[in-house]
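I have placed the structure first, in the form of structure tokens, so that the comments after it can refer back to it.
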Amino acid sequence: MYLSRLILDPRSRDVQRDLADCQRLHQRVMSLFPDVPDREDARARLGVLYRLEADTRRGYTLLVQSLVPPAWAALPEGYLLDTGGAPPNPESKPVAQAYDHITAGTILAFRLRANPTKKIDSWQGREGYRPNGRRVELRRAEDQIAWIVRKGEQHGFRLLNVKLRRDTVTLLPNPPSVDPRPAGRVTGWREDRGGVQRLTFAAVVYEGLLQVTDAARFRDALIGGVGPAKAYGFGLLSVMRPPE
């Protein structure tokens with residue numbers, strides 16, 4: 080398992096086009112990896128998750144997690160910002176060993192860019208029960224918090240009630256509270272058998288502290304991602320040891 084960082088050059092036309100269309104960005108990320116027999120499931124088979132982050136100093140940073148290292152030669156010329164090697168750009172590091180060392184009880188700082196949704200219209204009259212209804216976004220902060228709490232129960236972690244300050248992290252009593260920061264909307268266009276489909280995803284960035292309750296399930300979440308829309312830059316759960 081590898082985690083890669085790419086600092087994008089915002090002056091690049093290719094970068095500008097990719098950032099304007101989540102389907103194009105998905106295709107760009109997948110172009111860095113070899114073809115697999117089942118192209119429909121290539122992202123999951125290759126363990127590809129990614130997250131775009133705004134960088135106030137340089138523009139945009141793209142984090143990519145994958146089972147195999149990316150092939151950087153597939154990127155267009157000028158796609159990456161010239162950093163002069165400080166920091167290296169692009170840069171990849173293995174993370175499997177670090178994930179394997181996470182145990183139950185471990186407290187970690189985390190960041191997750193997610194698409195919190197719920198399914199509706201699961202019941203379809205005479206045709207009976209339809210388990211896969213429409214997904215609709217969760218707009219209220221309390222619903223977004225409840226969503227990440229449920230995901231924690233599902234994926235082997237619990238949220239700690241935290242308040243971030245400039246120099247310290249103060250643990251507070253229940254209920255869990257993680258600050259969901261609106262990160263706009265992700266849009267794009269996808270062609271399928273029915274024609275051209277408009278893609279729209281609501282994005283929420285979660286940051287805070289968590290405690291691992293089930294190490295195996297938590298590692299599965301790190302590797303497989305959390306929540307829907309993983310092909311479009313959601314679901315990558317980043318963790319680090321909290322500052323002391």
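The opening position of the sequence shown corresponds to residue 80 in the numbering used here, with each subsequent residue numbered one higher. All residues carry an ideal CB built from backbone N, CA and C; glycine is no exception.
Output the distance between the C-alpha atoms of residue i and residue j, rounded to the nearest integer angstrom.
i, j, result
"Arg130", "Ser83", "11 Å"
"Asp93", "Val127", "21 Å"
"Lys172", "Arg90", "27 Å"
"Ile302", "Gly157", "30 Å"
"Leu104", "Ile181", "31 Å"
"Tyr311", "Glu132", "13 Å"
"Leu251", "Gln223", "Note on Leu251: pLDDT 39, under 50, position unreliable in the model; the coordinate value appears next. Rounded to the nearest angstrom, the two C-alpha atoms are 20 Å apart."
"Glu170", "Gly164", "10 Å"
"Glu232", "Gly184", "14 Å"
"Glu329", "Asp97", "Here the chain covers residues 80 to 323 and nothing more, so residue 329 does not appear."
"Ala220", "Phe280", "16 Å"
"Ala150", "Met80", "15 Å"
"Asp114", "Ala300", "24 Å"
"Thr162", "Ala123", "31 Å"
"Leu243", "Gln102", "Confidence at Leu243 is low in this model, with a pLDDT of 28, below 50, so the placement of that residue should be treated as unreliable; the coordinate-derived value is given next. Going from the Cα of Leu243 to the Cα of Gln102 covers about 34 Å."
"Leu316", "Tyr139", "18 Å"
"Trp226", "Asp120", "26 Å"
"Asp134", "Val265", "17 Å"
"Thr249", "Glu286", "Low per-residue confidence applies at Thr249: pLDDT is 33, beneath 50, and the placement is therefore not dependable enough to give any value."
"Gln106", "Pro166", "26 Å"
"Gln95", "Ser145", "24 Å"
"Pro168", "Pro155", "Reading off the sequence shown, one finds Asn at residue 168, where the question assumed Pro. The straight-line gap from Cα to Cα measures roughly 14 Å."
"Ala294", "Lys309", "22 Å"
"Leu85", "Met319", "19 Å"
"Val228", "Arg277", "30 Å"
Could you check whether the Cβ of residue i sits closer than 8 Å to any Cβ belonging to chain C?
i, result
"Gly306", "The displayed structure is made up of one protein chain only, and chain C is not part of it."
Taking the continuous beta strand (DSSP E) assigned at residue i, which residues delimit it?
i, result
"Met319", "316–319"
"Arg130", "128–134"
"Gly312", "Gly312 -> no beta strand (DSSP E), and no H or E assigned at all."
"Val143", "138–145"
"Arg84", "81–87"
Would the C-beta of residue i count as close to the ligand FAD, meaning under 7 Å from any of its heavy atoms?
i, result
"Gln290", "Judged by which ligands are present, the structure shown has none, so any question about the ligand FAD falls away."
For residue i and residue j, which I take to be in contact (beta-carbon distance under 8 Å), what is that distance rounded to the nearest angstrom?
i, j, result
"Arg190", "Phe313", "With a Cβ gap of about 12 Å, Arg190 and Phe313 do not count as contacting."
"Lys230", "Val305", "5 Å"
"Leu160", "Arg137", "6 Å"
"Ala282", "Asn194", "7 Å"
Confirm, please, whether the CB-CB distance from residue j to residue i is below 8 Å.
i, j, result
"Leu87", "Leu125", "no"
"Val143", "Val108", "yes"
"Gly289", "Leu217", "Correcting the residue type first, residue 289 is Leu in the shown sequence and not Gly. No; because the gap between Cβ atoms is not below 8 Å, this pair is not in contact."
"Ala153", "Leu111", "yes"
"Gly235", "Val284", "no"
"Arg296", "Tyr178", "no"
"Leu187", "Pro321", "yes"
"Pro307", "Arg214", "yes"
How far does the alpha helix (DSSP H) with residue i in it reach, from first residue to last?
i, result
"Leu104", "101–109"
"Leu98", "92–98"
"Gly304", "From DSSP, Gly304 is part of no alpha helix (DSSP H); its letter is neither H nor E."
"Ala123", "121–124"
Report the residue ranges of all beta strand (DSSP E) runs contained in full by the stretch 157–238; include only those spanning at least 3 residues, in chain order.
Considered as a whole, the stretch 157–238 harbours 170–173, 186–193, 196–199, 213–216 as its complete beta strand (DSSP E) runs of no fewer than 3 residues, in chain order.
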